[in-house]
Amino acid sequence: MTVTAESRHIRTRPDVNPPAFFTRSDQTDPVAVMLENARKTTFMALEHLTPNGRDPMRDVIKTIRKATGYSEHRAKTVVIIGMRLMKRLPQTLALQRALYLLDDTHIAILASVLDAADGDTYAAIDAQLARMLTPTMPRQAFPDYTAFRRRVTRILLDTNPQLAEQENPADPPDFELDQPGQDEAGPVSLQAEFTKMEGLILDETLRKIAAQYACTRQEAFHKLIFDQVTVQLTLNIYQAEDIPDAPAWISGIGWITGELREELLAKVTKTRDLADYKDKAAGSYAPSEGIKAYVEGRDGGCGVPGCNVPAHRCQKDHRVEYAEGGETSSKNLLDVCSYDHNHKTNGGLHYILDPETGTTIWLHTDGTFEVSLATGPLSPQGKWEAQTVADYTRERQRRAKHRRKKED
């Protein structure tokens, strides 16, 4: 049998790995095989429990809870919403029945996130989910629950850009200051809500103050409010020049479109063509701001599989140590969080880096390896996402314009 690019992830023989597979599907790992069999059994049971629409809902939930031990809320989320949703995603369902990558928690995440999607966007959502769930490399890392939720949310916003615009409401966010009574002791409690962008700016400001004054973030917040200290904060905003109406990308936020994108781009004080830094090397251990920006834009976050630290909070690790002749350039640098960087420095991690794509092959001490793909806007995945977001945004605008014409 000829293995095509489309079927490189499908097993042609039982218990034998195909050319491309996720680590959780590794047929040479007995634990991975046991867990895959458990997911398969669970999913088959959930398909059997999925209601046909004719039975009373109370009886359906009672049957699900008796068979699974789920709470009423989880029974509704996983089976009533999640499994019905899977039937509206034929490509994703076919992959699940072939590979059994998703467990009931993944299905619950799909249900809770995609519940807000417009019905006419399910085909586009299905295509993106299928792409995410299709491995392209051997022993490719599979996203953990946090990363999975983040990526599904990104797919939702890519295909339903109007939801991203709703994240910045005109009404002021909640603010609550709870003070003890006149004769009561105890601290004052402050609770405030911010948009994701405002939260990132506040968090980065507090981190910078804490580093500058060698204090905790709580103390930094006190200095910001009461001592009125100031810091200079720089945020890198990425936008492709070769894509019409391209979305912007910020580490820790992801893709942004619409009014927020225009508002942030209007505040830009300096621009760089990052292509100029792709092959540039610094003459010292510390990379220049341009090289750092390129590496962060390629990697998107910590390169270690399963780590979700955003790129701007990572250290720039020299794959070949600087003291051993390794140059300070994107070809030899990778974003690695401080925890994993210490582990690597102590000999617990080794990797091979493809500087063009940011793909890393992690060599573990037990003799196995794992492949991690870069997710930043300069990576192959990021470039595809930028084009996809721009396409969906234009299509949404076209439909809105068409509806307005019909109403007129």
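Just so we're aligned, residue 37 is where the sequence shown starts under the working numbering, counting upward by one.
A virtual CB, placed ideally from N, CA and C, is assigned to each residue, including glycine.
The model shown is predicted, which means the values in this text are computed figures rather than measured ones.
- Query: Of all the options G155, V149, D156 and R190, which has the alpha carbon lying nearest to the alpha carbon of M168?
  - Reply: Closest option to M168, judged by alpha-carbon separation, among G155, V149, D156 and R190: R190.
- Message: For H377, count the other beta carbons within 10 Å of its own beta carbon; 16 or more makes it buried, fewer makes it exposed. Which is it?
- Response: Buried, because 16 or more other Cβ atoms sit within 10 Å of the Cβ of H377.
- Determine the direct distance from the alpha carbon of A153 to that of T429, and round the result to whole angstroms. In this structure, the CA atom of T429 is about 14 Å from the CA atom of A153.
- Task: Go ahead and label N196 buried or exposed: buried means 16 or more other beta carbons lie within 10 angstroms of its beta carbon, across all protein chains shown.
- Result: So N196 counts as buried.
- Task: State the Cα-Cα distance for the pair F58 and W285, rounded to the nearest angstrom.
- Result: About 27 Å.
- Tell me, which residues are paired with Y274 by DSSP? Within the DSSP secondary-structure output, Y274 pairs in a beta bridge with W285.
- Residues bridged to W398 (per DSSP): DSSP lists Y387 and E406 as the bridge partner or partners of W398.
- Task: Reducing DSSP to helix, strand and coil, say where T40 ends up.
- Result: Residue confidence for T40 is low, a pLDDT of 48 falling below 50, so the modelled location carries little weight; the figure read from the coordinates is stated next. In this structure, T40 counts as coil in the three-state DSSP scheme.
- Does DSSP put S324 in a helix, a strand or coil? It is coil, neither helix nor strand.
- Using DSSP with H/G/I as helix, E/B as strand and the rest coil, what is A56? The answer is coil: DSSP assigns A56 none of H, G, I, E or B.
- Message: On the CB-based measure, 16 or more other CB atoms within 10 Å of its CB, does G333 come out buried or exposed?
- Response: That one is buried.
- Item | Nearest-angstrom Cα separation, counted from G294 out to R435 | Going from the Cα of R435 to the Cα of G294 covers about 16 Å.
- Within 10 angstroms of its Cβ, does P283 collect 16 or more other Cβ (buried), or is it exposed? Buried is the call here.
- Message: Suppose the cutoff is 7 Å on Cβ atoms and the five residues either side in sequence are ignored; what does the same chain contact list for F405 look like?
- Response: So the qualifying residues of the chain are R175, I397, W398 and L399.
- Message: I'd like the span of the alpha helix (DSSP H) that includes H258, first residue to last.
- Response: Under the DSSP assignment, H258 falls in the alpha helix (DSSP H) whose first and last residues are R253 to H258.
- Message: Would A426 and Q417 be called neighbours here (beta carbons separated by less than 8 Å)?
- Response: One thing to note: A426 has its Cβ no nearer than 8 Å to the Cβ of Q417.
- Message: On a Cα-Cα basis, can you pick out the residue from N344, H354 and T307 that is closest to A317?
- Response: Nearest neighbour of A317 by Cα position, chosen from N344, H354 and T307, turns out to be H354.
- Quick one: grab the DSSP three-state call for Q351. Three-state result, Q351: strand.
- Can you give me the start and stop residues for the beta strand (DSSP E) that Q227 sits inside? Where Q227 is concerned, the enclosing beta strand (DSSP E) stretches over S225 to A228.
- Task: Tell me where the beta strand (DSSP E) around L370 begins and ends.
- Result: Run containing L370: L369 to V372, per the beta strand (DSSP E) assignment.
- Task: Let me know if I261 comes out buried or exposed under the rule of 16 or more other beta-carbons within 10 Å of its beta-carbon.
- Result: With fewer than 16 other CB atoms across the displayed protein chains lying within 10 angstroms of its CB, I261 is exposed.
- Message: Can you look up T241 in the DSSP assignment and give me helix, strand or coil?
- Response: Here T241 sits in helix by DSSP.
- Message: Can you tell me which residues form a DSSP beta bridge with Q132?
- Response: BP columns for Q132 are empty, so no partner.
- According to DSSP, is F211 helix, strand or coil? When secondary structure is reduced to three states using DSSP, F211 falls in the strand class.
- Query: Can you round the beta-carbon distance between K178 and L137 to whole angstroms, since I take them to be within the 8 Å contact cut?
  - Reply: Inspection of the sequence shows that residue 178 is occupied by Phe rather than by Lys. Cβ-Cβ separation between F178 and L137: approximately 7 Å, consistent with a contact (criterion under 8 Å).
- Query: Can you give the Cα-Cα distance for E357 and D194, rounded to whole angstroms?
  - Reply: Looking at the two C-alpha atoms, the distance is approximately 39 Å.
- Tell me whether H45 is buried or exposed, calling it buried when 16 or more other Cβ atoms sit within 10 Å of its Cβ. Counting the other CB atoms within 10 Å of its CB gives H45 a total of 16 or more, which places it among the buried residues.
- Could you check if Y330 is buried or exposed, using at least 16 other CB atoms within 10 Å of its CB as the buried criterion? A residue is called buried once 16 or more other Cβ atoms fall within 10 Å of its Cβ, and Y330 is buried on that count.
- Three-state secondary structure (DSSP) of Q433: Q433: helix per DSSP, three-state reduction.
- Query: How would you call K306, buried or exposed, if buried means at least 16 neighbouring beta carbons within 10 angstroms?
  - Reply: The residue in question, K306, is exposed, as its Cβ has fewer than 16 Cβ neighbours within 10 Å.
- If you check the beta carbons only, do M119 and L71 fall under 8 Å apart? No; because the gap between Cβ atoms is not below 8 Å, this pair is not in contact.
- Beta carbon of I143, beta carbon of R185: below 8 Å? Not in contact: I143 and R185 (Cβ atoms no closer than 8 Å).
- Task: Whole angstroms is fine: what's the gap from R49's alpha carbon to E108's?
- Result: Near 40 Å, if we compare the C-alpha coordinates of E108 and R49.
- Bridge-paired residues (DSSP) for T364: Per DSSP, A318.
- Item | Reduced DSSP category for Q164 - H, G, I as helix; E, B as strand; rest coil | Looking at Q164 - three-state DSSP - the assignment turns out to be helix.
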